[in-house]
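Asks:
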Amino acid sequence: MILRSFVWIVLTIAIGSGFVSRLGVIHPKPLASLVASGCLAVGLGFGLSSAIFFLFSLATSPLGNAFIIGEIGSLIASIALFVYTLQHRRHLTGCAPVSPIVPDPKRRRFLPLVFFVLIVSAFSVFIGLSAKEPYGEWDAVFHWNLRAKFILLGGAHWRDVFSDLLGESNPDYPLLTPMSVVRGWRYLGYETVLVPVLVAMVFTFATAGLTCSSLAILRSRNQAFIAGLVLLGIPFLIIHGASQYADVPVGFFFLATIVLLCLKERLPESINSATVLAGTAAGLACWTKNEGFLFLVSLLTARVAAMVRSNRWASLLREMRLFAVGLAPILAVVVYFKTSIAPLGGLVDAQGLGTIHRVTDIHRYLEIFRGFKKVILSFGGNELVSPIWLLFLYLVCVGIKVEPSDKPGIITSATTVGFMLAGYVFVFLVHPADVGWNIAGSLDRLLLQLWPTVVFTYFLVACPPEEVPSIG
Amino acid sequence: MLRQTVTPPSPFVRRHDIRMYENRFRRVKEALPAHAVLGYISDPGRKAPPLGFQMGARSLHEAFYAKRFFLAQYVLLPAILVDDTEHALIVGNFDPPSAPDLESLRGLVLLRDFGDGVMLFTRRPK
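Heads up: the protein sequence lines correspond to chains A and B, in order.
For the first sequence, counting from 1, position 440 maps to 447 in the numbering used here; every step adds exactly one.
For the second sequence, counting from 1, position 46 maps to 602 in the numbering used here; every step adds exactly one.
(1) Within a Cβ cutoff of 6 Å, which residues of the same chain sit near residue 329/A, ignoring the five residues on either side of it in sequence?
(2) Shorter than 8 Å from the beta carbon of residue 148/A to some beta carbon of chain B?
(3) For residue 186/A, which of helix, strand or coil comes out of DSSP?
(4) Give a yes or no on contact between the stretch 151 to 166 of chain A and the stretch 211 to 225 of chain A, applying the rule of three or more CB pairs nearer than 8 Å.
(5) Give me the chain A residues within the contact set of residue 753/B, using Cβ-Cβ distance strictly less than 7 Å, ordered along the chain.
(6) Excluding sequence positions up to five away, which residues of its chain have a Cβ less than 6 Å from the Cβ of residue 76/A?
(7) Using a Cβ-Cβ distance under 8 Å, would residue 191/A count as near chain B?
(8) Can you give the Cα-Cα distance for residue 457/A and residue 258/A, rounded to whole angstroms?
(9) Starting from residue 379/A and walking both ways along the alpha helix (DSSP H), at which residues does that stretch end?
(10) Answer with yes or no whether the minimum CB distance from residue 164/A to chain B is below 8 Å.
(11) What would DSSP say about residue 639/B, mapped onto helix, strand or coil?
(12) Please report the Cβ distance between residue 451/A and residue 382/A, rounded to the nearest whole angstrom; I am assuming they are in contact, meaning their Cβ atoms lie under 8 Å.
(13) Rounded to the nearest angstrom, what separates residue 424/A and residue 351/A at their Cα positions?
(14) Less than 8 Å separating the beta-carbons of residue 233/A and residue 13/A?
(15) Can you name, in chain order, every residue of its own chain whose Cβ lies under 8 Å from the Cβ of residue 144/A, other than the five neighbours on each side?
(16) Does the ligand ADP have a heavy atom nearer than 7 Å to the CB of residue 264/A?
(17) Excluding the 5 residues preceding and the 5 following residue 152/A in the sequence, name in chain order all residues of the same chain whose CB lies nearer than 6 Å to its CB.
(18) Given that a residue counts as buried once 16 or more other Cβ atoms are within 10 Å of its Cβ, and exposed if not, what is residue 480/A?
(19) By the three-class DSSP mapping on this structure, what secondary structure does residue 123/A have?
(20) Hey, is the stretch 58 to 68 of chain A in contact with the stretch 118 to 137 of chain A, meaning 3+ C-beta pairs nearer than 8 Å?
(21) Using the DSSP secondary-structure output, state which residues sit across from residue 206/A in a beta bridge.
(22) Using a threshold of 8 Å, state whether the C-beta atoms of residue 301/A and residue 285/A are closer than that.
(23) Less than 8 Å between the C-beta atoms of residue 213/A and residue 50/A, yes or no?
(24) At a CB-CB cut-off below 7 Å, which residues of chain B make contact with residue 197/A?
(25) At a Cβ cut of 8 Å, what residues of the stretch 626 to 649 of chain B count as close to chain A, listed as they run along the chain?
(26) Consult DSSP for residue 211/A and reduce its assignment to one of helix, strand or coil.
(27) Anything in the stretch 117 to 146 of chain A with a Cβ closer than 7 Å to a Cβ of chain B? List those residues in chain order, please.
(28) Can you give me the C-alpha to C-alpha distance between residue 86/A and residue 22/A, rounded to a whole angstrom?
(29) Residue 157/A versus chain B: which residues are under 7 Å apart at the beta carbon?
(30) With a cut-off of 8 Å on the beta carbons, I'd call residue 426/A and residue 264/A a contact; round off their distance for me.
(31) For the putative contact between residue 149/A and residue 626/B, defined by C-beta atoms under 8 Å, what is the C-beta separation to the nearest angstrom?
(32) DSSP three-state call for residue 197/A: helix, strand or coil?
(33) Is any beta-carbon of chain B found at less than 8 Å from that of residue 173/A?
(34) Using a Cβ-Cβ cut-off of 8 Å, state whether residue 668/B counts as contacting chain A.
(35) Please classify residue 94/A as buried or exposed, where buried requires at least 16 neighbouring CB atoms within 10 angstroms.
(36) Under the DSSP definition of a beta bridge, which residues are partnered with residue 666/B?
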């Protein structure tokens, strides 16, 4: 079992690595660059391989071993990209200007130490929670893993998982998580709770790794550690990650898209891969949860606004073309799934004359406002103080310092998050379920999806501690 | 955060629930065709309103009804459970210590009692 698990994980990372290798090594921060690439490779590897696994599963019914052809094909493509990148590495590594390195004061060595302690604690808690509830929580068991189990055991009938007979398991939901789990089970040869636990663990810690490493590249090492402390200091991230819901994976892809768009600004024009990979990450967000579509629309609108604001029309057109190259293949899979296989989503299906009544009901607006206020102020689950207040206080203390090259990325990210929140309000408004129940059951998870992106963007704006006169 | 490892964050589904249901439903699962679409009956006094988008604030009994249905569905996969008695075979899922409510079983014929509150019914011929 250990060998099979090893092959499954290594192959998945290898598939992602070839594509991510096109980013090159960003000097002068090779270690942070390596960690960022590794985290992106893990996430994109799981995402791409699940989409390919889905396509091969459709082509062969019942699920046979034909998916191995897809795996080998993906691996060959990845290796070819990697070899090509190695051959042209001079072109890739002689670039990437980043913010000037500020020497880390020796006295601030405690930050890496505290971060190390926190990440070990977070890992221990994740293992403890997973050992205690290896099947995950309600949605994981009855939506994501139930569907994965049906796909695995369904034989020639596996597509019945998308029928209305299993309507309560939301058959219209995208398939990244269940397909990743089924793929893992196929490698291991049997159904085991180890696979969904590992998938959840990989996305949870890749989110933390990507947040820290990308900030280490774009800002400073200490800024990255502080961001890591804030991110992992929220118990909800680890608890919810271990619950095996798809909110942490979709949050990873939101973050990856924004990080890649910010890194792109630090790379020479000739390196297109960051924009292409951003498109892929956005597509994989759509392949993970329906919220991915809202993210995609919000992102594109925000990006156009950011580029138009800085009068970069030529860059915008080029960027959109490259973004579409990365997005199109994944989006095609998702659109095919949504239009040809999955039933109509319950939210769309439930609209009618009642929608007008709900939209014009002032009490629903008030209830949504109260719900947002309550959940935002208690977000994180530390039961002491909302991280929002701490972040506000921290910003007052250290001040703001924005690199000019980060401005488009920051504007894109902040506007995207704003549009997403507006989109959530709209969904709560038109949703036929009781507003209070709906918000209580889902808003904290929706905010968690955005949380890594918010933390990343926040620390792109906050002045690094080395550059605060009273501290440095 | 460490407290969460000993205090369940959700009252709904726990590991031992799934293990218990796997044991309870093992024999009925062996007796059923793998890909069957089956009816389902439990204590109708606890029947939940339709789930999904009709779902709202539930009573505790309704929540437990939903939990029992989903647990039965999870362990009987790849068979599909439908929460009605309009199918040729109907799985009964009752609290082990209590007898099923006979009123709710009108129109059904018991095919086999697998013990532990798990039963298999068929529809009485009209």
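From the three backbone atoms N, C-alpha and C, an ideal C-beta is built for every residue, glycine too.
Replies: In terms of the structure at hand:
(1) Result list for residue 329/A: 279, 282, 283, in chain order.
(2) By the rule that beta-carbons nearer than 8 Å mark a contact, residue 148/A touches chain B.
(3) Assigned with DSSP and collapsed to three states, residue 186/A falls in helix.
(4) By the Cβ criterion, the stretch 151 to 166 of chain A is not in contact with the stretch 211 to 225 of chain A, since fewer than three pairs of Cβ atoms, one from each stretch, lie closer than 8 Å.
(5) In the structure displayed, chain B extends from 557 to 682; residue 753/B sits before or after that span and is not available.
(6) When the five nearest sequence neighbours on each side are left out, no beta carbon in the same chain lies closer than 6 Å to the beta carbon of residue 76/A.
(7) So, not an interface residue.
(8) Roughly 6 Å between the two C-alpha positions.
(9) Unbroken alpha helix (DSSP H) run through residue 379/A: 369 to 384.
(10) Yes, contact with chain B.
(11) Of the three classes helix, strand and coil, the one that applies to residue 639/B here is coil, per DSSP.
(12) Rounded, the Cβ-Cβ distance is 5 Å, consistent with contact.
(13) Whole-angstrom Cα-Cα distance: 27 Å.
(14) Going by C-beta atoms, residue 233/A is not nearer than 8 Å to residue 13/A.
(15) Excluding sequence positions up to five before and after residue 144/A, its CB lies within less than 8 Å of the CB of 250, 251, 252, all in the same chain and listed in chain order.
(16) As far as ligands go, the structure on display features none, and thus does not contain the ligand ADP.
(17) Setting aside the 5 residues that flank it on each side, residue 152/A is surrounded in the same chain by 203, each with a C-beta closer than 6 Å to its C-beta; the list follows chain order.
(18) Residue 480/A is absent from the model: chain A starts at 8 and stops at 479.
(19) Helix.
(20) Here the stretch 58 to 68 of chain A makes no contact with the stretch 118 to 137 of chain A; the two share fewer than three CB pairs at distances below 8 Å.
(21) Per DSSP, none; premise fails for residue 206/A.
(22) It is not a contact, given that the beta carbons lie outside the stated cut-off.
(23) Yes, Cβ-Cβ distance for residue 213/A and residue 50/A is below 8 Å.
(24) Against chain B, a Cβ distance below 7 Å from residue 197/A picks out nothing, because the smallest value is about 14 Å.
(25) Against chain A - using a Cβ distance shorter than 8 Å - the residues of the stretch 626 to 649 of chain B are 626, 629, 630, 633, 634, 636, 638.
(26) In the three-state reduction of the DSSP assignment, residue 211/A falls in the helix class.
(27) Flagged, chain order: 132, 135, 136, 139, 140, 141, 142, 144, 145.
(28) About 8 Å.
(29) In chain order: 633, 634.
(30) In this structure residue 426/A does not touch residue 264/A by the C-beta definition: roughly 14 Å separates them, more than the 8 Å allowed.
(31) That pair is a contact at about 5 Å.
(32) In the structure shown, residue 197/A falls within a coil segment according to DSSP collapsed to helix, strand and coil.
(33) Cβ-Cβ to chain B under 8 Å: yes for residue 173/A.
(34) Look at residue 668/B: its C-beta is not under 8 Å from any C-beta on chain A.
(35) With fewer than 16 other Cβ atoms within 10 Å, it is exposed.
(36) For residue 666/B, which the question treats as bridged, DSSP gives the partners 677/B.
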